[in-house]
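Structure record follows, encoded as structure tokens.
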Amino acid sequence: MLRASTTRPPHRQRGATLLIALLVLVLIMMIGVTAVSTSDTQFKLAGNLQFEDSALNNAESAVSAAENWLATGGNFSDDGFNAFDAAKAQLKPIGYVTALAAPANSPLTMAWGDSNSLAVGGNAAQRYYIEQMSRNNRLPGSSQVVGGRSSSVCSQVNTYQITGRGSSARGATKIVQSFYSVLNCPT
6 MLRASTTRPP HRQRGATLLI ALLVLVLIMM IGVTAVSTSD TQFKLAGNLQ
56 FEDSALNNAE SAVSAAENWL ATGGNFSDDG FNAFDAAKAQ LKPIGYVTAL
106 AAPANSPLTM AWGDSNSLAV GGNAAQRYYI EQMSRNNRLP GSSQVVGGRS
156 SSVCSQVNTY QITGRGSSAR GATKIVQSFY SVLNCPT
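Right under this line is the structure:
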């Protein structure tokens, strides 16, 4: 018995599988490139936020140092608040800053340096100046008579506007302003 040979002619391969595999690889590569780009952008944003936080911390530290200086001893009545003294350029008398011409009268545009502000502990990243806003103001409600007697508690304050500037290693700059009152009672 003879067997009939069943040889099939070779089919022509069309390469559809290869084409689909290449398309899938291209899509995966595009997703990978997008993921790398996104993570790089987020890394840069996080770094910028850290530098901005550092600048804000420096500005707040400068304001805190100025408040501590005002609260110490009789610093709140320093002669620098009576008339401008170039040796004490960080202390501004009432109305001194508003009388200056731009940009020196704005903390946002002025050139912060030794001629108009003080570096905290020699750290140029933390600078401040103090402007006296009012002198010998009576505290609200302190002039009341209680039980037929007037209050003998000190009720006069000097008020100051403290402007602190902080900067970071990459040049981020933040400015913080604070109003601070100090009791000013005759002894």
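So for the sequence shown, this note's numbering puts the first residue at 6; every next one is plus one.
Using N, Cα and C, we set each Cβ at its ideal position, and we do this for glycine too.
Please read all numbers here as calculations on a predicted model, not as lab measurements.
Where the beta strand (DSSP E) containing residue i begins and where it ends
i: S183; result: T178 to L188
Helix, strand or coil at residue i [DSSP, three-state]
i: L50; result: helix
i: I167; result: strand
i: Q95; result: coil
i: L28; result: helix
i: N121; result: coil
i: A129; result: strand
i: T12; result: coil
i: K115; result: A small correction: the amino acid at residue 115 is Met; Lys does not occupy that position in the sequence shown. It is coil, neither helix nor strand.
i: N87; result: coil
i: S173; result: coil
i: N63; result: helix
i: N141; result: strand
i: Q149; result: With a pLDDT of only 49 at Q149, under the threshold of 50, the placement of this residue in the model should not be trusted, and no figure is reported.
Distance CB(residue i)-CB(residue j) smaller than 8 Å
i: Y134; j: Y165; result: no
i: V187; j: V68; result: no
i: P98; j: N80; result: no
C-alpha gap between residue i and residue j, whole angstroms
i: A60; j: I33; result: 41 Å
i: V162; j: N141; result: 5 Å
i: Q149; j: S82; result: At Q149 the pLDDT is 49, less than 50, meaning the model places this residue with poor confidence; the figure from the coordinates comes in the next sentence. Straight-line Cα distance between these residues: approximately 27 Å.
i: A94; j: T39; result: 53 Å
i: S139; j: D90; result: 19 Å
i: A76; j: L123; result: 17 Å
i: I36; j: A64; result: 42 Å
i: G136; j: G52; result: For the record, residue 136 in the displayed sequence is Glu; it is not Gly. Roughly 34 Å between the two C-alpha positions.
Close Cβ partners of residue i (< 6 Å) along its chain, the five nearest in sequence each way excluded
i: F56; result: S173, R175 and A177
i: S183; result: V68 and I167
Limits of the alpha helix (DSSP H) - the one that residue i falls within
i: A104; result: Y101 to A104
Own chain partners of residue i with C-beta closer than 7 Å, once the 5 adjacent residues on each side are dropped
i: G118; result: none
Residues near residue i by beta carbon distance below 8 Å, same chain, minus five either side
i: S66; result: V125, Q131, G169 and G171
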